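Heads up, the sequence shown is in the numbering used here, so the first residue is 523 and it goes up one at a time.
Working notes, beginning with the structure itself.
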Amino acid sequence: MGLFGSSSSSSSSSSSTIPEAPTRAERQKCWTHRDAYFSCLASHNIAIPPGTDMSDGRGPPSLTPKEAEKARAEDPCKKERDGFEGSCARSWADYFRKRRVLEERQKLMYAQGTPAQATSTGSAAKSPSR
């Protein structure tokens with residue numbers, strides 16, 4: 523049966539065009555492989571997973587197909603990436619990669635903002651004593 527339910531006559535014809543939703547076990551497998559891959563990337567200090575397409579303007583300039591393929595071939599976490607891409611739907615894998623880039627960018631932004639706030643607070647406290 524499809525996502526919204528359908529008659530048996532239309533479900534057989536629509537089953538070839540509409541992919542089935544992943545089961546709970548399949549989702550868990552995807553998340554486990556994603557976590558293993560991202561842990562490997564973190565251990566190698568890689569913020570942007572090799573070959574990630576960021577051509578939508580929210581990230582670094584997009585690589586040419588040849589550059590992206592070279593980056594993927596040199597990925598130190600290739601084994602984990604293959605497990606991740608093999609157990610997750612492509613749209614999920616793309617989403618998780620872009621989400622990771624966003625989270626890494628936010629961490630960097632917060633880390634850069636914290637010292638500046640502490641400095642401005644400290645200088646503001648010193649200003650009245652002049």
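Each residue gets a CB set at the ideal place from its N, CA and C atoms; glycine is no exception.
Please read all numbers here as calculations on a predicted model, not as lab measurements.
Per-residue burial, Y559 [other beta carbons within 10 Å of its own, 16 or more giving buried]: Position 37 of the sequence shown holds residue 559. Y559 comes out buried.
C676 (DSSP reduced to helix, strand or coil): The question about residue 676 has no answer here: the residues shown for the chain are numbered 523 through 652.
Presumed contact (8 Å Cβ cut-off) between W614 and C552, rounded CB distance: Residue mapping note: residue 614 aligns to position 92 of the sequence shown, counting from 1. Residue mapping note: residue 552 aligns to position 30 of the sequence shown, counting from 1. Going by Cβ atoms, the distance from W614 to C552 rounds to 6 Å, so yes, they are a contact pair.
Burial state of D604 (16 or more Cβ within 10 Å): Sequence index remark: in the sequence shown, residue 604 carries index 82 (1-based). Exposed: under 16 other Cβ atoms inside 10 Å.
Check whether E626 and A590 have beta carbons under 8 Å apart: Stepping through the sequence shown from its first residue, residue 626 is reached at position 104. Stepping through the sequence shown from its first residue, residue 590 is reached at position 68. No.
Beta-carbon spacing of H555, F618 below 8 Å: Counting from 1 along the sequence shown, the entry for residue 555 is found at position 33. Counting from 1 along the sequence shown, the entry for residue 618 is found at position 96. No, they are not a contact pair.
Environment of E602 [buried if 16+ CB atoms lie within 10 Å]: Position 80 of the sequence shown, counted from the first residue, corresponds to residue 602. With 16 or more other Cβ atoms within 10 Å, it is buried.
Limits of the alpha helix (DSSP H) - the one that G605 falls within: The residue labelled residue 605 in the question sits at position 83 within the sequence shown. Start and end: K600 to S609.
Residue from A611, P598 and G635 with nearest C-alpha to T545: On the sequence shown, residue 545 is found 23 positions in, with the first residue counted as 1. T545 has its Cα closest to that of A611, out of A611, P598 and G635.
Residue-chain proximity (I570, chain B), Cβ-Cβ < 8 Å: Reference to chain B is not applicable here, since this structure consists of a single protein chain.
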